[in-house]
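Reading the sequence shown from the start, the letters are residues -2 to 530 in this note's numbering.
The C-beta atom is built at its ideal place from N, Cα and C for all residues, glycine as well.
Bear in mind the structure is a predicted one, so any value in this text is a computation, not a measurement.
For reference, the structure is listed below as structure tokens.
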Amino acid sequence: MIDAATQTDSDTSDAAVQWPADVHRVVTMDHVYTHTQELHGQEEEDTRSLYLFPSDDEFSEDSQPQHNYPDPEYHDDVKELQNEGSQLTLELTCANGCSYRWQSQPTLSGTKGEGNLLLAASVFFSGIHFAKFKRFCNNMNLQTICEDTYTRLRKTFVFPVVEKTWAKEQSAVLTDMKSREEEVVLCGDGRCDSPGHSAKYCTYTFLDVQSQKVVDFKVVSCTQVSSSNTMEIRGFKEALTTIEGNGVKVSTISTDRHPQIVKEMRVSNPEKCHEFDPWHVAKGVSKKLAAAAKRRECEGLGEWIPSIINHFWWSAQTCGGDAEVLKEKWVSVIHHVTNRHDWPGNRHYHCCAHEPLDETSQRSKLWLQPGSEGHQALVKTVKDKRLVKDLGHLTKCIHTTSLEVYHSMYLKYLPKRTHFGYDVMIHASMLAALDHNNNANRGQAVYQDGESVGEPKFKISWSKVHKRFRARPVAVQKDYGYMKAMVADVLSSVSDSNQGVDMRETQTHIMAPQDRLPRSQIIVQTQQFSRFK
């Protein structure tokens, strides 16, 4: 007796039948492989094709047609029909002469198999480059969609869902910011798609300091500006205009020391407090000191660099918003490293804040000699005119560490040194922002069993910078429930009549400034002026 599995067509009627789970398992294993090899004449070399199948739970054993075999050892005749991507279609003929068509996936309008659309959505949502996914499938002979189909499905069904989900998330973040009574503080930073001064895209992102969530971002193409060096300031202006255009009153903005942004804040936004990120400033100081410490005459300076950077952070955090106090505390480090712990002449800070040192104890770092090459290099760095001037923008100590973490996670969706189209840059940036916002402010994970149950988790690793083992808190695992909802929205969008927006019509502002010449003429010109011919 044979049963059914999915909707199929009979030779004599259009009645739909259901194929049972047991036959489904046979079809998906050696039974299909054997008949597939016979169809293609592949008897010696094993080049079997694998297909994606839905789970057995999706098949019902109700309403099974009953057929009696004249021969108990008879097996169905299976023929493989034309397949679409990951969808497998088989034609089965039983002993009674009934012919059935079996499909591994439901058929959706405009997508062939449902699995094709699920593949396109899942690959893009997971941040997987399609070329790598295609190579993975080819290596194991797994049948999948081609790149053209992936691009079409992504533009038609996936992109609109990403836009809708991000618009809903951004609206919630802006509504929360507008309802606050306290001042709104933003931190912003730009991220280019490649290192150096040859970047094609720059993504400028604003993050809300209180909620640690992405508020808005702008992707700027090099064709929109005069040079790649001006992409960041344009993204800054456009993103800030969007945020304020939604009714958010911004009081303070923390950025890096980008000269164009500094001027923009001074000229166009004088009413806002402009703060610099202490992490960027401390990084610059550390690089200068590390370069000086490599010189032989500056021996001993390198051991002091971690302590000097810690002193910089301490000065910014304890200045109480007073730029003069911050300056005096910061400059005092040039005295401490020479074993001098009090000094006259300052208005606010006259001596070191630490406890008196035990002169008899053995020190891990040697004191620097006043006037030595190492000490002079330190004085030059600490009293640098630009650095001292910028200390006035560090009094609130608003750092953009969360934004740096976000940019690190951003590489999952848009890795550097890989070219992407403008539409992919926009929608992948939306995915990165959704990933960050839905998992912001995660708590520390705890052990669920064993002797350490209930204790917080830490990861012990060796720090090359600090030259010692360090314990880093382990956060709870991310929640990707929102992504499952997006996949469901993609499937439900198939029934909509909207077939997506032609991205070429919306990208006229980033296209080449000249009309394209005929293909043959471009090839001739390229070969004519090539330096490698």
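Secondary structure at residue i, three-state DSSP: helix, strand or coil?
| i | result |
| --- | --- |
| I302 | helix |
| K131 | helix |
| S248 | strand |
| G371 | helix |
| V222 | coil |
| G110 | strand |
| H396 | coil |
| Q441 | strand |
| T146 | helix |
| T239 | helix |
| L533 | What is shown of the chain runs -2 to 530, which leaves residue 533 out entirely. |
| K215 | strand |
| L431 | helix |
| C348 | strand |
Could you tell me the boundaries of the beta strand (DSSP E) in which residue i lies?
| i | result |
| --- | --- |
| Y97 | S96 to Q100 |
| V182 | V181 to C189 |
| R465 | R465 to P470 |
| W459 | F455 to S460 |
| T86 | T86 to T90 |
| H271 | C270 to F273 |
What's the call for residue i, buried or exposed, on a 16-neighbour Cβ count within 10 Å?
| i | result |
| --- | --- |
| P275 | buried |
| R293 | exposed |
| C184 | buried |
| G244 | exposed |
| N434 | buried |
| P157 | buried |
| T523 | exposed |
| G187 | buried |
| Q474 | exposed |
| R151 | buried |
| L89 | buried |
| Y346 | buried |
| L114 | buried |
| K109 | buried |
| W459 | exposed |
| V159 | buried |
| A429 | buried |
For residue i, I'd like the list of residues in its chain whose CB is within less than 6 Å of its CB, leaving aside the five on either flank, ordered along the chain.
| i | result |
| --- | --- |
| E300 | K362 |
| K215 | Y201, G232, E235 and A236 |
| H28 | With a pLDDT of 40 at H28, under the threshold of 50, the modelled position of this residue cannot be trusted; read the value that follows with caution. Taken in chain order, the list of residues that qualify is empty. |
By Cβ distance below 7 Å, which residues in the same chain neighbour residue i in space, the five residues on each side in sequence not counted?
| i | result |
| --- | --- |
| S248 | E180, V181, V182, K269 and C270 |
| I457 | F466 and A468 |
| H277 | D253 and R254 |
Which same chain residues, not among the five before or five after residue i, have their C-beta less than 8 Å away from its C-beta?
| i | result |
| --- | --- |
| E178 | none |
| V570 | Lying before the first or after the last residue shown, residue 570 is absent from the chain, which here runs from -2 to 530. |
| T86 | E77, L78, Q79, N80, R98, W99, Q100 and S101 |
| S191 | K197, K413 and R414 |
| V204 | Position check: residue 204 holds Leu in this sequence, whereas Val was assumed. Hits under 8 Å: L183, C184, G185, K210, V211, V212, T397, S399, L400 and Y403. |
What residue range does the alpha helix (DSSP H) around residue i cover?
| i | result |
| --- | --- |
| L204 | Unbroken run through L204 is the beta strand (DSSP E), Y198 to D205; no alpha helix (DSSP H). |
| F417 | Run containing F417: none; DSSP gives neither H nor E here. |
| K324 | A320 to V328 |
| T153 | No alpha helix (DSSP H) holds T153; DSSP gives it neither H nor E. |
| R292 | Where R292 is concerned, there is no enclosing alpha helix (DSSP H), given that its DSSP letter is neither H nor E. |
| R263 | P256 to S265 |
| Y479 | G478 to S489 |
Margin query: Three or more C-beta pairs under 8 Å: does that hold for the stretch 400 to 407 against the stretch 308 to 326?
Written below: no
Check: Do the stretch 426 to 445 and the stretch 193 to 209 make contact, defined as three or more Cβ pairs closer than 8 Å?
Finding: yes
Note to self: Does the structure place the stretch 120 to 135 close enough to the stretch 162 to 170 that three or more beta carbon pairs sit under 8 Å?
What the structure shows: no
Next item on the list: Mind the definition here: the stretch 363 to 383 touches the stretch 320 to 340 only if three or more C-beta pairs lie below 8 Å; say whether that holds.
Entry: yes
Next item on the list: Give a yes or no on contact between the stretch 78 to 87 and the stretch 118 to 127, applying the rule of three or more CB pairs nearer than 8 Å.
Entry: no
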